[in-house]
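S.K.: Mind having a look at this structure? Questions to follow.
There are 2 protein chains.
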Amino acid sequence: MENKYRMLEIKAPNIKHLFEPKSIAIIGASSNRNKIGYKVVDNIVASGYQGKIYPVNPKGGTILDSKVYTSIESIDDTIDLATICVPAKYVFDSLKSCAKKKTKFVSIITSGFSEIGNLEGEEELVNFARENGMRLLGPNIFGIFSAKAPVNATFGYKHIEPGSVAIVTQSGALGVAMIGKTATEGIGLSAIVSVGNKCDIDEADLIEYFITDDNTRVILLYIEGLKRGNRLTQVLEKATKIKPVIIIKSGRSKRGAMAAASHTGSLAGADNVFTDIISRQVGALRALSVQEALNWAKFLAIQKSLPVGENAVIVTNGGGIGVLATDACELYGVTLYDNREVLKEIFSPVTPSFGSTKNPVDITGQASNEIYEQALQAALDSPDIHSVIVLGCETAIFSADQLAAVVQRRYLDDKPDKPVVFSFFGGGEFEQGLFALKSKGVPIFSDVYEAASCLGALYKHYHNIINTDDELSELDDPEIDIKSIQTVIDEVRADNRRFLLVPEALRVMNAAGIPTPKSYVAKDLEEVIYYAEEVVKYPVVMKIVSKDIIHKSDAGGVALDLENRDELLDAYEAILASARKYKPDAKIEGVEIVRMINMNEAMETIIGARIDNTFGPTVMFGLGGIYVEVLKDVAFRAVPIKRSDAIEMIQQIRSYPLLLGVRGEEAKDIGGCIDIILRLSKIIQLCKDISDIEINPVLVFEQNQGVLAVDTRILLNP
Amino acid sequence: MENKYRMLEIKAPNIKHLFEPKSIAIIGASSNRNKIGYKVVDNIVASGYQGKIYPVNPKGGTILDSKVYTSIESIDDTIDLATICVPAKYVFDSLKSCAKKKTKFVSIITSGFSEIGNLEGEEELVNFARENGMRLLGPNIFGIFSAKAPVNATFGYKHIEPGSVAIVTQSGALGVAMIGKTATEGIGLSAIVSVGNKCDIDEADLIEYFITDDNTRVILLYIEGLKRGNRLTQVLEKATKIKPVIIIKSGRSKRGAMAAASHTGSLAGADNVFTDIISRQVGALRALSVQEALNWAKFLAIQKSLPVGENAVIVTNGGGIGVLATDACELYGVTLYDNREVLKEIFSPVTPSFGSTKNPVDITGQASNEIYEQALQAALDSPDIHSVIVLGCETAIFSADQLAAVVQRRYLDDKPDKPVVFSFFGGGEFEQGLFALKSKGVPIFSDVYEAASCLGALYKHYHNIINTDDELSELDDPEIDIKSIQTVIDEVRADNRRFLLVPEALRVMNAAGIPTPKSYVAKDLEEVIYYAEEVVKYPVVMKIVSKDIIHKSDAGGVALDLENRDELLDAYEAILASARKYKPDAKIEGVEIVRMINMNEAMETIIGARIDNTFGPTVMFGLGGIYVEVLKDVAFRAVPIKRSDAIEMIQQIRSYPLLLGVRGEEAKDIGGCIDIILRLSKIIQLCKDISDIEINPVLVFEQNQGVLAVDTRILLNP
């Protein structure tokens, strides 16, 4: 799929023409007001579109003063955007006609394709479009609105409020409803695009446009399933460093994922992989609910700039909501400023003795509107405070009107250069008086959790931005002998296998520069001593080597934990004697000398790389055995990864403290783990034949004592 | 504290007099409209209170047509409820006067006691009240409203809408604001009580009243810290089996807990202990935010009856919100009905071919109001469906008015006997049209997560109720030799110690019937053979026993893993020889023979019992070492516990699958763990001297192979 896409890009039209088309054909235009074909024309006209409008219908005539063309071919113009709303069976013919007119983009509103199992019909469309340099939106969508053109080529709301939030939605019904909802909430849209079955254009293509679109300050995606998660990852990696990207991904739960799959036909994928890659690795802001996403979008869109630091301060007239907000800040990753001296200096003039200048700053229920204003002003003026959470419970002292005037003066008029969120809680008159400010663009919420959640989203975006320059974020490029790995793969292919045998996997590990337990076959006593004392070093394990002896232990052919020359000599003698006794005619090649591993000194980890159905090449890390299997304590990332990604994925697992050493143990060799993750990342990216590598266990010794890939399983693609 | 409280109950007045007082004195009544002393009188009069009102102020005169008494003593009546709003320094004198009038309850609105560190002042009040059979509410509160009287003895809102939700709040500011908020949300109150510093009356006392109060259908608590968590636990245990109890507990986060402690002076306690005991063990419904709590309260209050079963069905016109709702149902513990045959039969008449009769039932965006009504009706009519989640996205086909009419007919008029929640999402007109139904009592939410959360709360309450008859919920009463344990404790006390030595702890374990590794001292070879072969059985460990040899290993006095008589005899000889060589003059008493434990067959767990600062006697269970220390994978319960509690706490830990056996291992002896938990529960409850017992590790062998308390640490109270 990746390749197909690249092939396409060579002759694909610039995505700008989709958002700023000079001409639009509406194929299936209708004069029947109840038909989609009418609504689309009506919406385009009503949106003040300045380009050419070409309604197409075999019946001809006019629709809303526009001449109706009886066929696409009869239009004497090239078409930037064609919107198709004819029945499914006529779509392919319409597409063929579009190609003749060198149409750049085709928005297929019509449903009845992959979403009902008609995969062939959809594939036919895509293949034809690719051959003819056209790009397709949909099918099964409500269309596209772009504030830049402006053009509303949807069959949804006639009026869409222009603004700075771009929405991409996989669900049509939710998308149309979101147009209404955003308008009510005072969220203007720079664009809303329905992607439906995503047969060609998907979120990644659209985000690429939104990155460069000056109108767009925030990108919001509603996703049910991904087709090309790897491309989305790459594009998001760029996008989140520039603009906040909010994602609602449904199908979080097992049953929800099943429902999403049956509803959209796209793979939901494991939710923990999605979270790790999309949220942790590339920094998209994942909202739980639609309401949360809209809260964030509105709040982020009105920010003039990023905060200049982490220090958030809560100012409250109620201790209770102050504590609730403190909890919420911890939940959403907002750091509360802690310098008591500075806080005291700032807030003691406005805080009564029974209040608190600690953060949360409690100016108490006896604070008048004047005190409130002074406290807010003090917080806004202090360079040590970088963001403010203003809380208010209704009290007898407060007047909603006067409080609203405070907010008007200090927030709307003064336009402070630091982020502020407000949460006011009380009865209808109180809240209504204050919530009227919402329509003026003040971020006010009834619940403190909603307010803190918005600030948390802003800080997550802030971290994306400030971490950009991280010196660790350079791509590491470990040296790997890809050619030797390919030789192994070729041999396995020649043998008609998809799995590698143990020695083959070992050769791959060696070529990858990943340490494995070294094994040496000694042919005589002299070699035994040499390997044990000079190469492997005590303590060692000795094993008989003979093709005729399979079960070495049964033959008395294994000696563990040999710690000195005496034990070594005794063991050599004993093993040879036992083997001869066990199978007198066995041909004995020698003994294998390997390192004796003390499991008390090593920690088992699992490091893997695989081609994920959704995200393509990925790496994973977890602590050994039960941690991964039972506790699902494992981290994923999409490749290529940076060193900082590898560090983050190790730090992310709950059992991470075990690697740092508990109960006075030494820290383990985390650097060795990072190195293996980076090496597997490179292999899974470059060796297209490999679908799966799992090293289980990777033994991790104490710091600077290295790691050992003990058992490696490698699978090839079919 | 527990004892003090009991002492009090002997002569304490019935809590009913607080909620249904026949006479109220307002001490500090004022004719100044800006004073609390005026507002309280005004509110009492305005609430239509039918009993006697006695304002008290040395100035005399009248307030709102009531005669003002110049002193409490001059009132010629007994007082059920006195409300004190004089300055802090006069409160104790007022209380003394109240005692003379045989006042039953005193509501101390005045602040300036423990919340600002004035612990002595508060203690003085409590001690005096107890000696005089009075009970105190507060101090530092806004008062009490009771719909039953009716009486509004607060200085908050004048009008409080009566209804069926009882609120107890530790935060005054939040409480007053909640009065306003609940009115706006259409939530009527049966009572709202401000408990403030909780010097005497606390949540438990009030819940006891609400359990029996017919007006109260739902109890809602806002808690920042607990003083007597054990009593709250006991009362909640009863209450949640009768009425839903919703709890907002702030101070969930570490920093939030600190803020709560400095703000209220009460202990927040560890949040995981709170969650385990209050939510899991006794079944209170813990809300994250105030908004969530109010949503639940409103929804639960309007339910006529419990659902008759678990089968929830989602009916939606949008696939997207259907998937979101599915996720939300999993999050909130709502079980989606799964019988596809039955669902198909019910819903295929109303579902187009491109929709889905699977759950979520997707009647598609093309569903008209009529189809919507039919689908809803079908869900309501089916006896196989026990609750319904109705979702709607705004579409061109829907009219908000008509949809509202459907809800009116099918929900408000028909009054279905199963729970229904609605979530409608769209623009202002659409939502406004539908949300108008809110004021009529229809549970409608904009976000599907809010809707599912309400149904989840109802189902949690449902589980409290249906699990009442559980046969496992009988209290187990393991046989324990408390007398012998007391003997040990007396010896330790006599020795002026607070910790038990190893042999003492072993004696406690034996008296408790908890198995420990058996140890036998053999004085000669004959006894060595007898213990090793007849009693302990191979493999065994042998250790030198001599008061003169402390470091047994250093003296060569330990032999592990002896598997047969040869090894036993060799070891005996070697140990004696080494010991003699190590310390020639040592007096050797013999050798100790104990069982050799193969750690591969056993799993380490930690089982403990302690007096928690907040909850009193508690038990804990976790898997050994790192699971508890690093992963914090541990469960707590308040004692006494039932067998079902012990089972649930074991099942609750994330590493529970390890006890069931992973990778083909045998299941471990979970019954043995349950037994120890129950025994420790009984000990910590009955042996008041013990503050702490931690058995670490308890080795758990395979099923029916038992458990062993290897190392036990016991501490006594100071």
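Residue numbers (the numbering used here), protein chains in the order written: chain A, 16 to 733; chain B, 16 to 733.
Just so it is clear, CB atoms sit at the ideal spot from N, CA and C, and this is done for glycine as well.
P70/B bridges to which residues according to DSSP?
M.R.: Per DSSP, I41/B.
S.K.: Does I131/A come within less than 8 Å of chain B when only Cβ atoms are used?
M.R.: For I131/A, the answer is yes, since a Cβ of chain B falls inside 8 Å of its Cβ.
S.K.: Using the three-state DSSP reduction, which class does V560/A fall into: helix, strand or coil?
M.R.: In this structure, V560/A counts as strand in the three-state DSSP scheme.
S.K.: According to DSSP, simplified to helix, strand and coil, what is L714/A?
M.R.: In this structure, L714/A counts as strand in the three-state DSSP scheme.
S.K.: Please list the partners that Q306/B has in chain A, where partner means a Cβ-to-Cβ separation under 7 Å.
M.R.: Within chain A, the residues near Q306/B are S461, D462.
S.K.: Just to confirm, are I626/B and S561/B a CB contact at a threshold of 8 Å?
M.R.: No; because the gap between Cβ atoms is not below 8 Å, this pair is not in contact.
S.K.: I believe Q417/A touches N384/A by the beta-carbon criterion, under 8 Å. Please report the beta-carbon distance rounded to the nearest angstrom.
M.R.: The Cβ separation is near 4 Å, so the contact holds.
S.K.: Using 8 Å as the limit for Cβ to Cβ distance, is F440/B near chain A?
M.R.: Closer than 8 Å to some Cβ of chain A, the Cβ of F440/B qualifies, so yes.
S.K.: Does E239/B get closer than 8 Å to chain A when you measure Cβ to Cβ?
M.R.: By this cut-off, E239/B is an interface position.
S.K.: Using a C-beta cutoff of 8 Å, does S38/B count as contacting chain A?
M.R.: No - not a single Cβ of chain A is within 8 Å of the one on S38/B.
S.K.: So A393/A is in the beta strand (DSSP E); what residue range does that whole segment cover?
M.R.: Counting along the chain, A393/A falls outside any beta strand (DSSP E), though it belongs to the alpha helix (DSSP H) covering 384-396.
S.K.: Per DSSP, which one or two residues make a beta bridge with R625/B?
M.R.: R625/B pairs with T633/B, D707/B.
S.K.: Please list the partners that F445/A has in chain B, where partner means a Cβ-to-Cβ separation under 7 Å.
M.R.: Correct list: G195.
S.K.: Answer with buried or exposed for P70/A, where buried requires no fewer than 16 other C-beta atoms within 10 angstroms of its C-beta.
M.R.: When all chains shown are included, P70/A counts as buried.
S.K.: Using a Cβ-Cβ distance under 8 Å, would N18/A count as near chain B?
M.R.: At N18/A, the pLDDT of 40 sits below 50, so the modelled position is not reliable and the matter cannot be decided from this model.
S.K.: For a contact meaning CB atoms closer than 9 Å, what does I336/A contact in chain B?
M.R.: Per Cβ cutoff of 9 Å: S186, A188, L189, A192, S265, V305.
S.K.: Is D684/B closer than 8 Å to K717/B when the C-beta atoms are compared?
M.R.: Sequence check: residue 717/B is Glu here, not Lys. Result yes, Cβ atoms of E717/B and D684/B sit closer than 8 Å.
S.K.: For the stretch 363-390 of chain B, which residues have a CB atom closer than 9 Å to at least one CB atom of chain A, in sequence order?
M.R.: The residues in question are S368, F369, S371, K373, N374, P375, D377, T379, G380.
S.K.: With 8 Å as the threshold, decide whether the Cβ of E35/A is near any Cβ in chain B.
M.R.: Chain B contact via Cβ: absent.
S.K.: Since P712/B meets chain A, which of its residues come closer than 8 Å, beta carbon to beta carbon?
M.R.: Within 8 Å Cβ-Cβ: nothing; P712/B doesn't reach chain A, min ~13 Å.
S.K.: Could you check which residue in F157/B, E239/B, P530/B has the C-alpha nearest to that of D726/B?
M.R.: Ranking the options by Cα distance to D726/B, first place goes to P530/B.
S.K.: Can you tell me whether A682/A is buried or exposed? The criterion is at least 16 other CB atoms within 10 Å of its CB, across all chains shown.
M.R.: Answer is exposed; the Cβ neighbour count stays below 16.
S.K.: Put C113/B into one of helix, strand or coil per three-state DSSP.
M.R.: C113/B falls in the helix class under three-state DSSP.
S.K.: Note down the Cα distance separating A415/B from A394/B, rounded to an integer number of angstroms.
M.R.: The alpha-carbon atoms of A415/B and A394/B are separated by roughly 21 Å.
S.K.: What residues in its chain sit with their C-beta under 6 Å from that of D286/A, if we drop five residues either side in the sequence?
M.R.: So the list reads R267, once near-sequence residues are dropped.
S.K.: Closer than 7 Å by beta-carbon distance: list the chain A residues that pair up with N332/B, in chain order.
M.R.: Correct list: A188.
S.K.: At least one CB of chain A closer than 8 Å to the CB of R270/B: is that the case?
M.R.: Yes, R270/B lies at the interface with chain A (some Cβ there is under 8 Å from its Cβ).
S.K.: Would you check if the distance between the CB atom of V210/B and the CB atom of T184/B is smaller than 8 Å?
M.R.: Contact flag set, yes.
S.K.: Please report the distance separating the alpha-carbon of D57/B from that of G158/B.
M.R.: Each residue's Cα considered, the two are about 13 Å apart.
S.K.: Is it a yes or a no for the stretch 244-264 of chain A touching the stretch 226-234 of chain A, going by three-plus beta-carbon pairs under 8 Å?
M.R.: Taking 8 Å as the limit for Cβ pairs, the verdict is that the stretch 226-234 of chain A does touch the stretch 244-264 of chain A.
S.K.: Under 8 Å, Cβ to Cβ, is there at least one residue of chain A near V677/B?
M.R.: Chain A contact via Cβ: present.
S.K.: Entirely within the stretch 208-282 of chain A and at least 4 residues each: give me those alpha helix (DSSP H) ranges in chain order.
M.R.: Correct list: 218-227, 244-254, 269-279.
S.K.: When DSSP labels each residue in this structure, what does L584/A get in the three-state scheme?
M.R.: Correct three-state label for L584/A: helix.
S.K.: Roughly how many angstroms lie between the CA atoms of G271/A and L473/A, to the nearest whole one?
M.R.: Answer to the nearest angstrom: the Cα atoms are 28 Å apart.
S.K.: When DSSP builds the beta bridges, which residues end up paired with Y84/A?
M.R.: Paired residue(s): V71/A.
S.K.: According to DSSP, simplified to helix, strand and coil, what is A285/A?
M.R.: A285/A falls in the coil class under three-state DSSP.
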